[in-house]
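These notes are about the structure you will find just below.
Residue numbers (our numbering), protein chains in the order written: chain A, 2 to 259; chain B, 106 to 415.
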């Protein structure tokens, strides 16, 4: 077996372990996003949305579909990696990877792919829920899928870094509660930033989630507050920085080696 | 080619504590090697460095010719580790723990299944393969750690207190298994709290103390260096008064049991002759304490070792 063959088996072992993990507890991992999103559609889409009227030329319900789907992808990709990798640290079975002849990038890729897999599964489930409330005509399958995957990768990397630094289970819920949720809610899920005063529009541009939501909205609806090229550049730049930083942490053994 | 070469290994923790102060060690291919020392002596730190779980401050590690700094994957491929503490995902079934470990070593699934079955049967775990880890007893978990460490067929197996908390029956079964494994060519390094385990299994020994190797010897030679041994004699009849035996110090335990200290200048044959001459008949005898334990205690008494003995 050559080196690349070994790496592939190691990667697919980590990935299948991760998929099995969240599949076994689907009631905790997949189902809640479906319920929450259905509530969003009922309350914001049907009850309040009809009073808000159209946004960017679309019914309010149609306008929030991309943001809600992406919000589920972001939350699930992040929480899958942060909880799985932190558990492996807490119960010390992270040592199973550390003693094995696998390079750090394979370990990282395995965990990130696990996060992406959960993000995609939940994203598809939420999209199916959305179909109960509205019809979705996808403007660009390529852009939609690419943003779907890249966003999941980015937040899976974020979850990995959070897990590396976490010392308690509380530490893995602080970032999602106080950073991730506000960024997502203020990232244009429920509104177009054109509605905001100039100052808040400028401030919103510092929020990376805004670029993802808008690129995804372009994929689904064909409208975006941000030019697509800039959105992809920002997403890819974040992925590059977080990947480099995650590999640096693994190389140094931060949080996992003595 | 030596299984392990460790040269001038130092480990200084962030708080300034120097756990290893320049350790040199060589373990030959095929050896069954004991690494002993008091608690906090640096055994687990040294094992951690060799297995890439602890970053070294300085020094050189080589496993079957692979340099840890230049060829970490080569080193890891040759090593199997049974750590001191349980490190499992408690919600995984037994067989998946072994299959996943095989996957991390790049072993194809079909071959991994065959190997998992072989080692789980060997360690009497096959019947429990679908049970989740959390329902296993401590002894079964220990055995599973051995199966997991062997699934990639390492040339060097490091066992960090593998029988801690295991009942005597399972411990003996594990000894038999480890002997077979060593006879099959696997080099084994063992740390243990049970000194009779090290004495029974190992051919060579290193004693680490205060971050340095205090003793490195062949087990037989080390045991022969014992100055005195204490035996417990079970007698056929009661002995009210102890006879004076030249060269032997006798003590009553009870009417039918004696303790006798024999120094290395006298033989057990001489003891029996003297006892027979005094009309004392011995039914059985045993060492009062394990010989390696005696050596350890002597080293502590002589100031060569500090702290608890393990």
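Ideal Cβ positions, reconstructed from N, Cα and C, are used throughout, including at glycine.
Check, Outcome
"Would you report the Cα separation of residue 10 of chain A and residue 290 of chain B, rounded to the nearest angstrom?", "27 Å"
"Run down chain A in chain order and give the residues with a C-beta less than 8 Å from the C-beta of residue 213 of chain B.", "2, 10"
"From what residue to what residue does the alpha helix (DSSP H) around residue 116 of chain B run?", "Counting along the chain, residue 116 of chain B falls outside any alpha helix (DSSP H), though it belongs to the beta strand (DSSP E) covering 109-117."
"Out of curiosity, what's the CA-to-CA distance linking residue 206 of chain A and residue 44 of chain A?", "28 Å"
"How far does the beta strand (DSSP E) with residue 129 of chain B in it reach, from first residue to last?", "123-132"
"Where residue 235 of chain A and residue 107 of chain A are concerned, what is the direct C-alpha to C-alpha distance, given to the nearest angstrom?", "25 Å"
"So residue 247 of chain B is in the alpha helix (DSSP H); what residue range does that whole segment cover?", "243-255"
"So, does the CB of residue 94 of chain A fall closer than 7 Å to a CB anywhere in chain C?", "Among the protein chains in the structure shown, which are A and B, there is no chain C."
"At a Cβ threshold of 7 Å, is residue 121 of chain B touching chain A?", "no"
"Give the list of continuous alpha helix (DSSP H) stretches no shorter than 4 residues that lie fully inside the region 82-154 of chain A.", "96-99, 105-132"
"Which residue from A/256, A/80, A/142 puts its Cα closest to that of residue 31 of chain A?", "A/80"
"Based on DSSP bridge pairs, tell me the residues matched to residue 56 of chain A.", "A/59"
"Would the region 94-102 of chain A and the region 66-81 of chain A be scored as touching if the rule is three or more Cβ pairs under 8 Å?", "no"
"Taking its Cβ as the centre, do 16 or more other Cβ atoms sit within 10 Å of residue 401 of chain B, making it buried, or is it exposed?", "buried"
"Can you check whether the CB of residue 316 of chain B is closer than 7 Å to the CB of residue 124 of chain B?", "yes"
"Which residues mark the beginning and the end of the beta strand (DSSP E) in which residue 392 of chain B is found?", "387-392"
"What residues from chain A crowd round residue 153 of chain B, counting only those whose CB sits closer than 7 Å?", "259"
"So, helix, strand or coil for residue 239 of chain A, using DSSP?", "helix"
"Relative to the alpha-carbon of residue 390 of chain B, which residue among B/334, B/132, B/255 has its alpha-carbon at the smallest distance?", "B/334"
"Run down chain B in chain order and give the residues with a C-beta less than 9 Å from the C-beta of residue 103 of chain A.", "178, 181, 209, 210, 211"
"Check distances from the C-beta atoms of the region 184-202 of chain B to those of chain A and list, in chain order, the residues that come in under 9 Å.", "184, 185, 186, 188, 190, 191, 192, 193, 194, 195, 196, 197, 201, 202"
"Would a check of beta-carbon distances place residue 291 of chain B closer than 7 Å to chain A?", "no"
"In the DSSP assignment, what are the bridge partners of residue 167 of chain A?", "Paired residue(s): none; residue 167 of chain A is not in a bridge."
"Following the continuous alpha helix (DSSP H) through residue 185 of chain B, name the residue where it begins and the one where it ends.", "Premise fails: residue 185 of chain B lies in the beta strand (DSSP E), 184-187, not in any alpha helix (DSSP H)."
"Tell me the DSSP bridge mates of residue 198 of chain B?", "B/237"
"According to the Cβ coordinates, are residue 263 of chain A and residue 241 of chain A closer than 7 Å?", "Residue 263 of chain A lies beyond the residue range present for chain A, which begins at 2 and ends at 259; the question has no answer from this structure."
"Say whether chain A places a C-beta atom closer than 7 Å to the C-beta of residue 144 of chain B.", "no"
"My understanding is that residue 1 of chain A touches residue 211 of chain A, with C-beta atoms under 8 Å, so please give their C-beta distance in whole angstroms.", "The first residue shown for chain A is 2 and the last is 259, placing residue 1 of chain A beyond what the model contains."
"Short of 7 Å Cβ to Cβ, which residues in the region 112-125 of chain A face chain B?", "none"
"Compare the C-beta of residue 158 of chain B against all C-beta atoms of chain A and say whether one is closer than 7 Å.", "yes"
"Report yes or no: do the region 170-179 of chain B and the region 242-254 of chain B share at least 3 C-beta pairs separated by less than 8 Å?", "no"
"If you measure between the beta carbons of residue 266 of chain B and residue 189 of chain B, is that distance less than 7 Å?", "yes"
"Hey, how far is the Cα of residue 366 of chain B from the Cα of residue 338 of chain B?", "11 Å"
"Going along chain A in order, which residues have a C-beta closer than 8 Å to the C-beta of residue 205 of chain B?", "14, 18, 97"
"If we call anything under 7 Å between Cβ atoms a contact, is residue 158 of chain B one with residue 96 of chain A?", "yes"
"So if DSSP puts residue 49 of chain A in a beta bridge, which residue, or which two residues, is it bridged to?", "None; residue 49 of chain A has no bridge partner."
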